Amino acid sequence: MLQSMTGYGKSETVFASKKIIAEVKSLNGKQADISTRLASQYKEKDLELRALVAQKLARGKADLSVSIENRPEEGAAVINTSLFVAYKRQITEIAEATGTELPQDMFATILRMPDVMKTEQNGLSEDEWTAVKACVEDALDKLVEFRMHEGAGLEKFFTERLDIIENLLHDEVPKYEKSRIDKIKARMCENLAEIQSKAYDENRFEQELIYYIEKLDISEEKQRLQKHLDYFRSAMKENESQGKKLGFVAQEMGREINTLGSKANHAELQIVVVKMKDELEKIKEQVLNVL
Numbered sequence: 016m017l018q019s020m021t022g023y024g025k026s027e028t029v030f031a032s033k034k035i036i037a038e039v040k041s042l043n044g045k046q047a048d049i050s051t052r053l054a055s056q057y058k059e060k061d062l063e064l065r066a067l068v069a070q071k072l073a074r075g076k077a078d079l080s081v082s083i084e085n086r087p088e089e090g091a092a093v094i095n096t097s098l099f100v101a102y103k104r105q106i107t108e109i110a111e112a113t114g115t116e117l118p119q120d121m122f123a124t125i126l127r128m129p130d131v132m133k134t135e136q137n138g139l140s141e142d143e144w145t146a147v148k149a150c151v152e153d154a155l156d157k158l159v160e161f162r163m164h165e166g167a168g169l170e171k172f173f174t175e176r177l178d179i180i181e182n183l184l185h186d187e188v189p190k191y192e193k194s195r196i197d198k199i200k201a202r203m204c205e206n207l208a209e210i211q212s213k214a215y216d217e218n219r220f221e222q223e224l225i226y227y228i229e230k231l232d233i234s235e236e237k238q239r240l241q242k243h244l245d246y247f248r249s250a251m252k253e254n255e256s257q258g259k260k261l262g263f264v265a266q267e268m269g270r271e272i273n274t275l276g277s278k279a280n281h282a283e284l285q286i287v288v289v290k291m292k293d294e295l296e297k298i299k300e301q302v303l304n305v306l
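The working numbering puts the sequence shown at residues 16 to 306.
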């Protein structure tokens with residue numbers, strides 16, 4: 016089943032006094048391009064988290080964010096009492112020495128001084144890392160689920176475009192195959208009839224005419240195009256990453272359609288070829304979003 020390279024996943028978990036939030040977004044890209052925004056406590060695990068994302072997402076541009084929200088009842092800041100007392104003594108001494116009045120709200124003033132209020136931060140424990148890793152994995156699983164949902168939409172889109180090209184190939188192209196050859200033959204005969212002198216070898220003319228018509232034959236291009244259509248459909252059902260493969264098949268389809276156009280020599284058939292190209296361009300545009 017197809018997966019889109021565009022996706023989003025979010026997961027939350029609670030560990031001790033913290034709510035850990037993991038978010039991951041992905042966009043299309045030829046290679047794995049991973050950026051991270053991690054809470055300071057988790058920066059030491061940056062490489063491990065990048066490897067986890069790369070393993071799960073294969074390729075594409077991915078943005079991982081892991082943040083922390085402290086729970087109010089448990090994550091309150093701690094007052095540095097000794098530093099508070101030292102600041103109070105210094106302010107009092109400076110006020111007496113300079114004859115300056117003490118601040119009206121001494122308590123609030125001192126609380127704003129550097130390092131008086133500190134939030135306790137311990138090192139990253141093994142249990143907390145396990146919780147973080149599980150949270151990130153859950154976010155990645157949700158992103159993959161999102162990608163698969165988007166991939167189902169892409170598969171439907173591709174199938175519709177392939178059906179249109181196939182219908183044009185089998186229903187519209189045959190309408191003009193015989194008439195285009197008859198018109199080419201008639202045009203050549205008319206041009207010869209305008210020549211005053213009849214001094215030409217009619218057998219040689221027939222041989223050249225057959226050779227010319229064979230060069231305009233499109234049966235092989237039709238067969239190859241049908242094989243590419245069938246292969247594109249089967250590749251969409253494969254389990255592994257198919258984006259690059261589908262891109263190559265679309266290029267081969269384009270070659271056959273272009274050859275049909277160059278051999279057409281028929282206005283109505285050229286219109287059919289243009290319709291095929293239009294549908295193929297829609298496929299090529301969306302193939303870039305396939306994992």
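Using N, Cα and C, we set each Cβ at its ideal position, and we do this for glycine too.
As the structure is a prediction and not an experimental result, all values here were calculated from the model.
Endpoints, beta strand (DSSP E) assigned at residue i
i: Leu72; result: Careful: Leu72 lies outside any beta strand (DSSP E), inside the alpha helix (DSSP H) at 61-72.
Opposing strand residues paired with residue i [DSSP bridges]
i: Glu38; result: Lys25, Ser80
i: Ala47; result: Gly75
i: Arg52; result: Ser80
i: Ser194; result: For Ser194, which the question treats as bridged, DSSP gives no partner whatsoever.
i: Val188; result: None; Val188 has no bridge partner.
Contacts around residue i, its chain only, beta-carbon distance under 6 Å, and the 5 residues preceding and following it disregarded
i: Ile233; result: Leu275, Lys278
i: Lys294; result: Here the sequence assigns Glu to residue 294, which means Lys is not the residue at that position. These residues qualify, in order along the chain: Arg176, Ile179, Ile180.
i: Gln285; result: Ala279
i: Ala37; result: Ser26, Val81, Cys150, Val151, Ala154
i: Arg65; result: Ile49
i: Leu117; result: Ala110
i: His281; result: Tyr191, Arg195
Run of the alpha helix (DSSP H) containing residue i, from where it starts to where it stops
i: Leu275; result: 258-279
i: Val289; result: 282-302
i: Asp245; result: 234-251
Proximal residues to residue i (C-beta, below 7 Å), its chain only, five neighbours per side dropped
i: Leu303; result: Asn43
i: Glu271; result: Glu236, Arg239, Leu240, His243
i: Leu94; result: The sequence given here has Ile at residue 94, not Leu. The answer, listed in chain order, is Val131, Met132.
i: Val264; result: His243, Tyr246, Phe247, Ala250
i: Gln46; result: Arg74
i: Met128; result: Tyr102
heavy atom of the ligand SAM below 7 Å from residue i C-beta
i: Gln18; result: Here there are no bound small molecules, and the ligand SAM is not part of this structure.
Close-in-space but distant-in-sequence residues of the same chain around residue i (CB under 8 Å, 5 per side omitted)
i: Lys190; result: Glu283
i: Ile125; result: Phe99, Tyr102, Lys103, Ile106, Val131
i: Gly166; result: Met16, Leu17, Gln18, Ser19, Val305, Leu306
i: Gln301; result: Leu169, Phe172, Phe173
i: Asp61; result: Thr51, Leu53
i: Lys252; result: Met16
- Item | Secondary structure, alpha helix (DSSP H): runs of 4+ residues fully inside the segment 77-164 | As for any alpha helix (DSSP H) of minimum length 4 sitting wholly inside the segment 77-164, the runs are 96-113, 121-126, ordered along the chain.
- Query: Is the segment 94-112 close to the segment 45-57, with three or more CB pairs under 8 Å?
  - Reply: No, because fewer than three Cβ pairs between the segment 94-112 and the segment 45-57 fall closer than 8 Å, the two stretches do not touch.
- Item | Stretch pair the segment 18-28 + the segment 147-161: three plus CB contacts closer than 8 Å | Contact between the segment 18-28 and the segment 147-161 is present, with at least three C-beta pairs closer than 8 Å.
- Message: Check whether the segment 195-202 and the segment 285-292 touch, using three or more Cβ-Cβ pairs below 8 Å as the test.
- Response: When C-beta atoms of the segment 195-202 are compared with those of the segment 285-292, fewer than three pairs fall below 8 Å, so the two segments do not count as touching.
- Query: Does the count of Cβ pairs from the segment 106-123 and the segment 24-43 closer than 8 Å reach three?
  - Reply: With the cut-off at 8 Å, the segment 106-123 and the segment 24-43 do not touch.
- Are at least three pairs of beta-carbons, each pair with one atom in the segment 252-269 and one in the segment 135-154, less than 8 Å apart? Too few Cβ pairs lie closer than 8 Å, so no.
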